[in-house]
Each structure stands twice: as C-alpha cells, then as structure tokens.
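Below is one structure; the comments refer to it alone.
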Amino acid sequence: MKLIFEKGRPGRGTDYLGPCDVPGIEIGGAKRERPLRLPEVSESEVDRHYSLLARHTHGVNDGFYPLGSCTMKYNPAVNEYAASLPGFTQVHPLQEADTAAGCREVCRRLEGMLCEITGMDDMSLQPAAGAHGEFTGLLLIKAYHRAMGHTGRNKILVPDSAHGTNPASASMAGFEVVSIASDENGFVDLAALQAAVGEDTAGLMLTNPNTVGLFDPQILEITRIVHEAGGLNYYDGANLNAIMGIARPGDMGFDVVHLNLHKTFSTPHGGGGPGSGPSGCKHFLSPFLPGKDTPESIGNVRSFGGNFLVAVRALAYLMTIGREGVPDAAKHAVLNANYMRVKLADLFPMAYDRICMHEFVMSLEKLKEETGVSALDAAKAMLDHGIHPPTMYFPLIVHEALMVEPTETETRETLDEAVEVLRGIWQAAHDDPERLHLLPRTTPVRRPDEVSAARNPRIRYDFEAVRG
Amino acid sequence: MNFPKNLMYTKTHEWVLFAEDGSAAVGITDYAQDQLGDLVFVNLPEKGDPVTAGESFADVESVKAVSDVLSPVTGEVAEINELLADEPQRMNQAPYDSWFVKVQNITDRAELMDAEAYQAYTASC
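Residue numbers (the numbering used here), protein chains in the order written: chain A, -1 to 466; chain B, 24 to 148.
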C-alpha cells in the first residue's frame, strides 16, 4: 500500500475547518530553516488511509488473539463510554485542583483497588507502560538502598525465563543483571538463587505465574532467601490475570510491583491506546514513589497523573465486574488455558505437561524435526484462519515455543475452533509441509522478509528517493 | 551438521581454534547457528578488551532472540572480525570461517570438548 507521504499533492488540505485565527509568533533562535514536510492530503484521503491501515491489522475486535503473556482480553465498550464522558475529557491537568475533584477521586479509588488486589500499601499511576513501571520500581529499590546507606547493593537477580524487559529495565536503572537458572520444572532453581544472593544483592525480579504459565510453589522460600540476604523482591505484574483476587503479591513477600492496566484491567493494548503500568509498593517504600511531595521521592517519571483516561477505563472495568468478578476472571482465564492445553497435548507436546495457569507453552521441536515445519510456519498458518498467532520463540528456555494465552473473555466455541485450526495445521504439516512454508495466503501482507528487514532496516521515509 | 576435528568446543556452543603462536580464534558452532536461525546482528568487543573464560564477550541477534556468546578463554582481544558487522549471514553460511575475535595472552580456558565429545553432547541437547 502507499504511504501517506505518497498520497495527495502540494497545496491540498481540508477546508472544512476555517483558517487558523491564532496569530503566529516567532520563538527566538528556534525557527525552522525549512518547512516541516507534512503530507498534503484531503480529509477523505486521511480517513481512507487509516481505514486501510486498520484492514491490514488484527485486533481483539477482529478475532481470537491468544498472544501469550500479553493478556489480549476483550476491552468492554462500557470502558470507552466512561472514558468519553466530558468530565474526564474536558479537563486540564493545570486547572485548579478543586475543579477536578472527580478526576482525583478516579485515581484515588483505582489506586485503592489496585493496592487491595496486589497487597501493596501505596501506588503511583504515573508510569505509562509495563517496562516504564519496571524501571520506576527499580528506581524505588535503588533509592531505598541509597537511603539506607547500602552502597554495595548493585545487582538485580532475574530468572532466565523472565521477560526481556526485566534485565533491560534493571540495566537502565544502573544495576548489574545476574541471570538465575530455571530447574527442570520451569521454576526458579533454589540452589542457584541461594548461591547468587549476597551483600551485593539489590533485589530479585520475578513474574509469578512465570512465563511458562506455572505458579512457582516455592515462592515464599524464594522471597525469604532474597530478604534474608538484604535484597528486595520485585513482582512483575505481567501475569497477574491468573491470580487476581485469589493470591496477592504482597502476601508472597514482594515489596514492589508493577501492573499492566492494558493487560489485566482490560484497557486497550498496543496501538489501540496508550498503556499504563502503575507502580505499587509496601509502606516503607512509599516516600520514594514518583509524584509524591516528599524529599525522598524519585521525582516524576511522567507528567501529572500518567495516562489518566486509561485509569478511567480500568476503574470502569473493576467497578463493572466488582469484587466477585475479579477472581472469577482469573479462574476463567485459567480454565480456558487448561481446556485448550488438554485438547492439544496429544499432537503438540507441552513444555511442562501439568495443570497450567493462564497460559501454556507448547514445543514444536518434534514437529520441526519430523516435517521441517517450524513454530514460525505454524504461527503464520493460523493467520489464514483469522487467528492472531500465539507468542513465538519465547520463553527462550523452550525450543520452537508457541505460548498460548486465550484469556477469560473467549467463548468455548472460539477455543474449540482454535484447537481445530491447530490440529489441522499439524495434519497439513505431515501431508504437505512445503505448502506451510508459503503461508499465509489470505492476509493483505503475506510473509514479510524479517531477515532482510532486520539486516537492512529502512525505518524512515526517504523523501529524496521518491520526490527526486 | 558439521564438527571440524581441529577445533575445541564449549557446552554453550562456541568453538575455539588454538594457533601455534598461542593465540586463539573464537566463533559459534554450526549447531548454534542452526538453533538461533537467521542471524541479523553481532555485537563484538573492541580490540584490547579483556575477555574471561565462561563470561559473555559478545552477543548475537537472530529474528528470534538475542543471545550471549561466552568466551572459551581468558585473555585479551587481539583482533575482531569486521566482516561480520556488515554481513551477519556469514555466521549462518560458514560458522567455522566466521571467527568473532582472536584472543592473545591467554591465561585460562573454560572446560572444552573435542569434536567427538561435542557431537555427542549436541545429540543430547
């Protein structure tokens, strides 16, 4: 398809809106040397351009989206209703505080509910995404150790099954990352953890249930080992959907958490809207939180109260499903994952064949050995059936991994259909493996050349090449 | 899968070739490149950098993941293979010609296997 820069013609625009009646001013020294190169297109061209882009994508509203670890649950329409109320949209963060009391009440209530769900004592809604929340939480740990005079605590322990953002956030926050091996069951290897902790341990980052969809039964032992060594425990809330309303990170020995409102609390994910990754903590870390009027605060990590309208959506979700709905959602997420796991396990060996939490990991290593059809091929084949592929090649500790997370908002028919599609792909891999290397056939973009794209990235529009 | 007899191997799938002058060339094995898939980027140390046996000295990126490359020896980087930066596909096409670094002043080495032992080890991976 054409890029928007390749549409329109010089001088074209829209005349639905009158000319700008605000006089221009010049800011000394900051004037552009040449005009900004913006697309010159009519309103209808812009409209059609974005409609076409929308047809090239796949969202939760287009079909099943079992992207493991991303919790692509349905985003209820009532959330959008709440977020579009003028009392929430027609406000400015700098207006007098007493004229926006309702907005502050939204934040206060949401913080309270999130604290209750996680077992934390305080929460900041500032972080704008999951990794931002991780970074913020790590800065809390850093500020705490500094305040306590623990100058030598500069290492963060991260299990090898962790999301890549964990070591990246720790590194960004100035820590050295130490990888902890998993045992044969996919859990933290306690001996390896015991050997790794010491006077240089700042903390541990852990996702529980972990990235293979298993709840670590040694969690109390793990957090005790880290605490006894003088470190803090960080809970990555990526997989909270499996346990919300049932078990609380705060009761497991965690001191700091981040949540992903765009996963667990049904706000739009990715391009659908800005994210939100609140950071929560226990009392003793509360003075360090961002946005606090305390001398210990790490300062702002984002302007004002974060992505406020995302908070409105999350509060709408929690108030809609209520206290009983929170554990119900978790139970159904776990049930749906186990339903699919059991219906697939005879053809697709499970990396860890046991009752799982909200997601499971299949290994297609055997299928690849027998037929040459890889996890990538199987994932691409699913696109022809209107299903977004599961997460591929993650976690790294499982070869040819497909990581499936159906979420609680899918019907049994949808799960059955996806199971049939996957079983059909397994059969097709044995009947005609060559054909699977060429799929998908029905999508607007077929199989992109990921290798060339990574080796020779073209990531900005080349005006000169087009306009000469 | 190719396991040249003149090389030594690590459990983490690096190969090392010891030269007569006491230096060593280091790269990743055929098995490693096959597991990683199409490689698109390599991050190499600089000439003169120290490397430690068993510790990461470089990382490689495939379309699937980024992986650490561990040094089979302790020493100092004498030379880096600039060709790999522009043509990372060389690591897939000719893994045993695609040395990452040459190491000199070697003082220690990791636990190494000969070709036969490494081949048996990969069969059990």
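Ideal placement from N, C-alpha and C gives every residue a C-beta, glycine not left out.
Bear in mind that the values here come from a model prediction, so they are computed numbers and not experimental data.
Checklist entry - Do residue 138 of chain A and residue 279 of chain A have their C-beta atoms within less than 8 Å of each other? => result Yes, these two residues count as a Cβ contact at 8 Å.
Checklist entry - Thinking C-alpha only, which one of A:88, A:228, A:410 is nearest residue 151 of chain A? => result A:228
Checklist entry - Tell me the DSSP bridge mates of residue 102 of chain B? => result Residue 102 of chain B is bridged by DSSP to B:125.
Checklist entry - With residue 5 of chain A and residue 39 of chain A assumed to form a contact (beta carbons below 8 Å), what rounded beta-carbon distance in angstroms separates them? => result At roughly 5 Å, the Cβ-Cβ gap stays under 8 Å, so residue 5 of chain A and residue 39 of chain A are in contact.
Checklist entry - Quick one: what does DSSP say residue 385 of chain A is sitting in, helix, strand or coil? => result coil
Checklist entry - Listed from N- to C-terminal order along the chain, which residues in the stretch 102 to 114 of chain B have their beta-carbon within a distance smaller than 9 Å of any beta-carbon of chain A? => result 110, 111, 112
Item to check | DSSP-derived helix/strand/coil call for residue 135 of chain A | outcome: The DSSP-derived three-state label of residue 135 of chain A is helix.
Checklist entry - So which residues of chain B does residue 448 of chain A contact, with C-beta pairs closer than 7 Å? => result 86
Item to check | Against chain A: residues of the stretch 62 to 74 of chain B by CB proximity under 8 Å | outcome: 63, 64
Item to check | For residue 297 of chain A, the three-state DSSP class (helix, strand or coil) | outcome: Here residue 297 of chain A sits in coil by DSSP.
Checklist entry - Where DSSP assigns a beta bridge to residue 18 of chain A, which residues make up the other side? => result In DSSP, residue 18 of chain A forms no bridge with anything.
Item to check | C-alpha gap between residue 273 of chain A and residue 86 of chain A, whole angstroms | outcome: 17 Å
Checklist entry - Using DSSP with H/G/I as helix, E/B as strand and the rest coil, what is residue 90 of chain A? => result If DSSP states are grouped into helix, strand and coil, residue 90 of chain A belongs with coil.
Item to check | Rounded distance between the beta-carbons of residue 201 of chain A and residue 118 of chain A, thought under 8 Å | outcome: No, residue 118 of chain A and residue 201 of chain A are not in contact; Cβ-Cβ is about 15 Å, not under 8 Å.
Checklist entry - Along the chain, which unbroken stretches of the alpha helix (DSSP H) at least 4 residues long are found entirely within the stretch 430 to 455 of chain A? => result 431 to 434, 448 to 453
Checklist entry - Which residues in the same chain as residue 11 of chain A place their Cβ atom closer than 8 Å to its Cβ, once the five residues preceding and following it in sequence are excluded? => result 38, 39, 40
Checklist entry - Which class does residue 148 of chain B belong to by DSSP, given the choice of helix, strand or coil? => result coil
Checklist entry - Any idea what DSSP makes of residue 170 of chain A, helix, strand or coil? => result helix
Checklist entry - Along the chain, where does the beta strand (DSSP E) that runs through residue 231 of chain A open and close? => result First-last of the beta strand (DSSP E) with residue 231 of chain A: 230 to 234.
Next on the checklist: Using a 10 Å radius around the Cβ and a threshold of 16 neighbouring Cβ atoms, would you call residue 148 of chain B buried or exposed?
Outcome noted: exposed
Checklist entry - Alpha carbon to alpha carbon, what distance is there between residue 366 of chain A and residue 434 of chain A? => result Spanning the two alpha carbons is a distance of roughly 12 Å.
Checklist entry - In this structure, does DSSP put residue 341 of chain A in helix, strand or coil? => result The three-state secondary structure of residue 341 of chain A, taken from DSSP, is helix.
Item to check | Range of the contiguous alpha helix (DSSP H) that encloses residue 77 of chain A | outcome: 75 to 81
Item to check | Whole-angstrom distance between residue 135 of chain B and residue 52 of chain A, CA atom to CA atom | outcome: About 54 Å.
Checklist entry - Is there at least one Cβ from chain B nearer than 8 Å to residue 452 of chain A's Cβ? => result At least one chain B Cβ lies under 8 Å of residue 452 of chain A.
Item to check | CB contact check: residue 391 of chain A to chain B, cutoff 8 Å | outcome: yes
Checklist entry - Which bits of chain B does residue 362 of chain A rub up against, with CB to CB less than 8 Å? => result Simply none; closest approach about 13 Å.
Next on the checklist: Using a Cβ distance threshold of 8 Å, determine whether the stretch 261 to 268 of chain A contacts the stretch 304 to 315 of chain A, with at least three qualifying pairs required.
Outcome noted: yes
Checklist entry - Which residue from A:251, A:445, A:413 puts its Cα closest to that of residue 333 of chain A? => result Closest option to residue 333 of chain A, Cα to Cα, is A:413.
Checklist entry - Would you say residue 92 of chain A reaches chain B, if we count a Cβ-Cβ gap shorter than 8 Å as a contact? => result no
Checklist entry - Listing by chain order, which chain B residues have their CB less than 7 Å from the CB of residue 394 of chain A? => result 88
Checklist entry - Which residue's Cα is closest to the Cα of residue 192 of chain A: A:171, A:32, A:157? => result A:157
Item to check | DSSP state of residue 336 of chain A mapped onto helix, strand, coil | outcome: helix
Checklist entry - When you compare only the Cα positions, how much space is there between residue 209 of chain A and residue 162 of chain A? => result 11 Å
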